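Have a look at the structure below, then the notes.
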Amino acid sequence: MKKVVFVLLILTGLSSCVSSKKYQELDDKYIKLRSENVELKEKVDTLENKLLKCSSALEQVKFDYESLKQQYETLNKLYTVKENAYKKLQASYDALSQSSSQTLAYEAEKSKKLLKELEKKEAELAKERQELDAKIKKIQQLESMIAEKDAKLENLKSSLSRALVDFEGKGLKVEQKNGKIYISMENKLLFDSGSWNVKQNGRDAIETIANVLSINPDMEIMIEGHTDNVPYKPHGAILDNWDLSVKRATSVVRQIMKNKHIDPKRLIAAGRSKYMPVADNSTPEGRAKNRRIEVILTPNLDNIMELLKSDQ
86 MKKVVFVLLI LTGLSSCVSS KKYQELDDKY IKLRSENVEL KEKVDTLENK LLKCSSALEQ
146 VKFDYESLKQ QYETLNKLYT VKENAYKKLQ ASYDALSQSS SQTLAYEAEK SKKLLKELEK
206 KEAELAKERQ ELDAKIKKIQ QLESMIAEKD AKLENLKSSL SRALVDFEGK GLKVEQKNGK
266 IYISMENKLL FDSGSWNVKQ NGRDAIETIA NVLSINPDME IMIEGHTDNV PYKPHGAILD
326 NWDLSVKRAT SVVRQIMKNK HIDPKRLIAA GRSKYMPVAD NSTPEGRAKN RRIEVILTPN
386 LDNIMELLKS DQ
């Protein structure tokens, strides 16, 4: 502004020195300059307003910056905390993973051992099952053989009972026990007192028995002689009840051998003397029952014994 006044003074001073044309030029310039000054002032004002706004905006930016800075620092601290927590979790996970791997490896090895033991047990069980199946099969075979044997014994007993029906009540009895058939014949049917020669009735009974046995070739035949406890009076080659029981058994064997269909290998003669009584020797009736011949029929058990031996 001082410069403008100064210019005006100069112009005033010079107005007297210059021509009106020149003055006019100067006046125009002045007006122009004043106009420019107004514009410049407006621009300055505008710039000052803008500067003021910029200053206000800058203050806001600074405020926002500080706020964001605080938020950043807060978030950075939170991130650090989270990062530390993550690192701890990662370390825990790594430790747990390693521990789990070791545990899994241990459990896997344990499972392998258990599997091997199980396979071994299964193999042993399979072997035992095979052995058991074989034993069951043999037992079934034995049961079948025994059942067949029992059936044959029952049929044989029935055949003997029917064939010897005429000798019932004459001192002859047929019974089945202990897997054998016993034909008991009292001496009154077979022998005279003190004799070992078979009487006719006895020969008839023995012949009937031999006929039945001839069609049952799988039976072993044992003939046992029994006496009472009365001492035998020595007579010729017979010294005592032992000799007498054996001699009578032998006489019955010879009668059976008259049937040519009976293999002599099936026959056994034995003497029991007085040592296997079936009744009381203190009475005549008891002694009469003890003086007897027993024909004991035993099934051939060779096939059963062979099967039993094969299981050993």
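For the sequence shown, my numbering begins at 86 and goes up steadily by one.
From the three backbone atoms N, C-alpha and C, an ideal C-beta is built for every residue, glycine too.
Note that the coordinates shown come from a computational prediction; the quantities given were computed from them, not determined experimentally.
Beta carbon of residue i nearer than 8 Å to that of residue j
{"i": "LEU329", "j": "ILE341", "result": "no"}
{"i": "ASN401", "j": "ASN314", "result": "The question about residue 401 has no answer, for the chain in this structure spans 86 to 397."}
{"i": "VAL380", "j": "ILE268", "result": "yes"}
{"i": "GLN261", "j": "LYS242", "result": "yes"}
Residue i versus residue j: straight-line alpha-carbon distance, rounded
{"i": "SER278", "j": "THR368", "result": "17 Å"}
{"i": "VAL223", "j": "ARG214", "result": "The sequence as given places Lys at residue 223; Val does not occur at that position. Taking the straight line joining both Cα atoms gives about 14 Å."}
{"i": "SER185", "j": "LEU210", "result": "35 Å"}
{"i": "LEU153", "j": "LEU189", "result": "50 Å"}
{"i": "GLU292", "j": "LYS212", "result": "55 Å"}
{"i": "SER246", "j": "GLU239", "result": "10 Å"}
{"i": "LYS374", "j": "LYS234", "result": "30 Å"}
{"i": "LEU386", "j": "ALA236", "result": "14 Å"}
{"i": "ASN344", "j": "ALA295", "result": "6 Å"}
{"i": "ILE308", "j": "ALA232", "result": "25 Å"}
{"i": "ILE389", "j": "GLY264", "result": "13 Å"}
{"i": "TYR150", "j": "TYR157", "result": "10 Å"}
Span of the alpha helix (DSSP H) around residue i
{"i": "MET342", "result": "326 to 342"}
{"i": "LEU386", "result": "It is not in any alpha helix (DSSP H) - LEU386 carries neither H nor E in the DSSP assignment."}
{"i": "VAL297", "result": "285 to 299"}
{"i": "LEU257", "result": "First-last for LEU257: 257 to 262, but that is the beta strand (DSSP E), not the alpha helix (DSSP H)."}
{"i": "LYS374", "result": "369 to 375"}
Residue range of the unbroken beta strand (DSSP E) whose run includes residue i
{"i": "GLY356", "result": "352 to 358"}
{"i": "GLU305", "result": "304 to 311"}
Neighbourhood of residue i by C-beta, 6 Å cutoff - its chain only, sequence neighbours within 5 removed
{"i": "PRO302", "result": "none"}
{"i": "SER336", "result": "TRP281, VAL283"}
Residues of its chain near residue i, where Cβ-Cβ distance is below 7 Å and the 5 sequence neighbours each way are ignored
{"i": "ARG333", "result": "PHE276, TRP281, GLY310, ILE378"}
{"i": "ALA290", "result": "LEU249, PHE252, LEU257, MET270, LEU274"}
{"i": "MET361", "result": "HIS311"}
{"i": "SER323", "result": "It is worth fixing the name first, because residue 323 is Ile in this sequence and not Ser. TYR317, LEU329, LYS332."}
Own chain partners of residue i with C-beta closer than 8 Å, once the 5 adjacent residues on each side are dropped
{"i": "LYS198", "result": "none"}
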